[in-house]
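Read the structure below first, then the notes.
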């Protein structure tokens, strides 16, 4: 999916909501455990219920890998289902990969060719030749970690180097590696005080913003300080939506939370 | 596996060789493609042939994920095979994971509980609360990226902060999070000029050293500057061993290369 298509979907749905499919078998409703693939059954329910309000889905690979190859099968079925039923929705594999060149190239093929995701999250620590193998795939995206939502972001990302934080150096260098048509940056919703400066540095890039809901981030502040002329935001909520109810009404409950967030987002979309 | 057991194996085999199982379906001998699981068949051949000379095996998840859930099944079978046939050998899942706390906890369970690997490589960018969920598993290890073997290591890892490089800050902080009984650090074999300083900082920690062979690192310099009183090194070679021949003698050819490296290593083991 290209940037124009993504922005058109945002305008049509009046939403920049990304629903995080962090589907933990220990947390899904008990009645689903009788299904042959409880994770996929849960995801189908969440996807169908929240698709009207979401422009992106973001499965995090950790919650699939905890079930090994069976979990990867659930992940494959989940992305295939989204691509078949909702081809307009952007799919981000939240994998935080990154390795030496030939290895990153294998990851890129895994996530773009095999899984058919539109985007993959990548960690910047190993530098340019670990990121660039993910670039150059038509209408595919790297979402690079810049300033994350967790408390550990202070350990290294906020270290000061020649007057700027490490995360600012990451943004500065990496924005020279790829255009806003194939790279986005992760900025946690708990980091809104840095959004103004980040927007000065990279006015045109999309930001993937996790951390509203369970992690305490503020969607309205994100919209106020993070938007650009093409929205430029994908704001993610995972646990707050997908675990809104632990009963048979889990999908309807997820839809109600997603609709509420979308309603709040609509006020920011022209 | 604990540190004493690992050191005993190193002394017994007179080796600190780690064989990287970066098994790329595009590179394995053509005759294996008739097998039901060519990756696993190849790995069995390599494992059986090199086990006498190796103290560790390191499958890199990228080369399994490129085949999706079928690839993860090959990975599961590979680690099970090593654990059944060669329980004394240390298994490192080279996955370079790292995420917010509850997500890193899911990865830790995937790699330690489900896959039964002894160790997993972790990226430090997201800080302490992204690393600590991998700690506290009995006889399991975090192998944290410090200074990698690729050219991109210069982009961020070598940035200077208050007189020290970022990778030195990573080593300094992270060695405060975990003892040498449950943490190792990755230092590329192309980075030998930094080994003396690294050993001053962390005399007791094991280092996982990739990059000899195809990447051009020098095993003898690594041993000279990187060893400690308990060896303290696992030196990895992947492509140079596993692709030594592309014919039916691939396993024997791998054994010959592994034996040659082990022979060079033996001179450094008391």
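Residue numbers (this note's numbering), protein chains in the order written: chain A, 203 to 472; chain B, 203 to 472. Just so you know, even glycine gets a beta-carbon here, dropped at the ideal spot from N, CA and C.
Of all the options A:352, A:418, A:325 and A:382, which has the alpha carbon lying nearest to the alpha carbon of residue 306 of chain A?
It is A:325.
Within the continuous alpha helix (DSSP H) that includes residue 421 of chain B, where are the two ends?
Here the alpha helix (DSSP H) through residue 421 of chain B covers 421-428.
Can you tell me which of the three DSSP states residue 203 of chain B falls into?
Residue 203 of chain B: coil per DSSP, three-state reduction.
Taking 7 Å as the limit between beta carbons, can you name the residues of its chain near residue 423 of chain A, skipping five residues before and five after?
Result list for residue 423 of chain A: 394, in chain order.
Taking just the CA atoms, how far does residue 397 of chain A sit from residue 368 of chain B?
Looking at the backbone, the Cα of residue 368 of chain B and that of residue 397 of chain A are separated by about 24 Å.
Have a look at B:425, B:336 and B:365 and flag the residue whose alpha-carbon is nearest the alpha-carbon of residue 389 of chain B.
With distances taken between Cα atoms, residue 389 of chain B lies closest to B:425.
Chain-order list of residues whose beta-carbon lies under 6 Å from that of residue 339 of chain B (same chain, five-residue window excluded):
Scanning its chain for C-beta atoms nearer than 6 Å, with the 5 sequence neighbours on each side dropped, one finds around residue 339 of chain B the residues 314, in chain order.
Residue range of the unbroken alpha helix (DSSP H) whose run includes residue 273 of chain B:
It spans 270-287 - the alpha helix (DSSP H) in which residue 273 of chain B sits, taken as one unbroken run.
Look at the alpha carbon of residue 466 of chain A and the alpha carbon of residue 280 of chain A, and state the distance between them as a whole number of angstroms.
For residue 466 of chain A and residue 280 of chain A, the distance between alpha carbons rounds to 28 Å.
For residue 343 of chain B, which of B:450, B:302, B:294 and B:264 has the nearest alpha-carbon?
It is B:294 whose Cα lies nearest to the Cα of residue 343 of chain B.
Report buried or exposed for residue 359 of chain B, applying the criterion of at least 16 other Cβ atoms within 10 angstroms of its Cβ.
So residue 359 of chain B counts as buried.
Per the contact definition of three or more C-beta pairs closer than 8 Å, is the segment 255-270 of chain A in contact with the segment 239-259 of chain B?
Counting C-beta pairs with one atom in each stretch, the segment 239-259 of chain B and the segment 255-270 of chain A have fewer than three that are closer than 8 Å, which means they do not touch.
How about residue 297 of chain A and residue 323 of chain A: do their beta carbons lie closer than 8 Å?
The Cβ atoms of residue 297 of chain A and residue 323 of chain A sit closer than 8 Å to each other.
Positions along the segment 331-343 of chain B whose CB lies within less than 7 Å of some CB in chain A:
Hits within the stretch, in order: 331 and 332.
Count the CB pairs spanning the segment 427-444 of chain A and the segment 206-224 of chain A that are closer than 8 Å, and state whether there are at least three.
These segments touch.
is_contact[residue 316 of chain A, chain B] using C-beta, thresh 8 Å:
With 8 Å as the cut-off, residue 316 of chain A counts as an interface residue toward chain B.
Output the distance between the C-alpha atoms of residue 247 of chain B and residue 391 of chain B, rounded to the nearest integer angstrom.
Taking the CA atoms as reference points, residue 247 of chain B sits about 26 Å from residue 391 of chain B.
Tell me which same chain residues have a C-beta within less than 6 Å of the C-beta of residue 288 of chain A, skipping the five on either side of it?
In the same chain as residue 288 of chain A, and ignoring 5 residues on each side of it, the C-beta atoms closer than 6 Å to its own belong to 253, in chain order.
Residue 384 of chain B, buried or exposed, once every other Cβ within 10 Å from all chains shown has been counted against 16:
With 16 or more Cβ atoms within 10 Å of its Cβ, residue 384 of chain B is classed as buried.
Under the rule that 16 or more other beta-carbon atoms within 10 Å means buried, what is residue 378 of chain B, buried or exposed?
Classification for residue 378 of chain B: exposed.
Backbone CA spacing between residue 431 of chain B and residue 407 of chain B [nearest angstrom]
Straight-line Cα distance between these residues: approximately 10 Å.
Cβ-based neighbour list, residue 458 of chain B, same chain, cut-off 8 Å, excluding 5 preceding and 5 following
Hits under 8 Å: 446.
Along the segment 267-278 of chain B, where does the CB come closer than 9 Å to a CB of chain A? Name the residues.
Result list: 267, 268, 269, 270, 271, 272, 273, 274, 275, 276, 277 and 278.
Name the two residues that bound the continuous alpha helix (DSSP H) containing residue 387 of chain A.
For residue 387 of chain A, there is no enclosing alpha helix (DSSP H); the enclosing beta strand (DSSP E) has its first and last residue at 385-389.
Which residues of chain B have a Cβ atom closer than 7 Å to the Cβ of residue 356 of chain A, listed in chain order?
Those are 329, listed as they occur along chain B.
Do residue 403 of chain A and residue 454 of chain A have their CB atoms nearer than 8 Å?
The answer is no: Cβ separation not under 8 Å.
If contact means a Cβ-Cβ distance below 8 Å, which residues of the segment 354-381 of chain A contact chain B?
Answer in chain order: 354, 355, 356, 357, 358, 359, 361, 362, 363, 368, 371, 372 and 375.
Run through the DSSP bridge pairs and tell me what residue 258 of chain B is partnered with.
Its beta-bridge partners are B:220 and B:292.
Hey, out of B:357, B:235 and B:250, whose CA is closest to residue 328 of chain A's CA?
The alpha carbon of residue 328 of chain A has as its nearest neighbour, out of B:357, B:235 and B:250, the alpha carbon of B:357.
Please list, in chain order, the residues of the segment 253-264 of chain A that have any C-beta partner in chain B closer than 9 Å.
Of all residues in the segment 253-264 of chain A, only 262, 263 and 264 come within less than 9 Å of chain B when Cβ atoms are compared, listed by chain position.
Beta-carbon spacing of residue 428 of chain B, residue 469 of chain B below 8 Å
No, the Cβ-Cβ distance between residue 428 of chain B and residue 469 of chain B is not below 8 Å.
Residue 410 of chain B lies in the beta strand (DSSP E); which residues open and close that run?
Start and end: 408-411.
Check for me: the alpha helix (DSSP H) holding residue 243 of chain A runs from which residue to which?
Taken as a continuous stretch (DSSP letters only), the alpha helix (DSSP H) holding residue 243 of chain A covers 240-252.
Can you confirm whether residue 446 of chain A, when its beta carbon is compared against all beta carbons of chain B, has any partner nearer than 8 Å?
Using a CB distance cut-off of 8 Å, residue 446 of chain A does not count as an interface residue toward chain B.
How about residue 471 of chain B and residue 212 of chain B: are their beta carbons less than 8 Å apart?
Yes.
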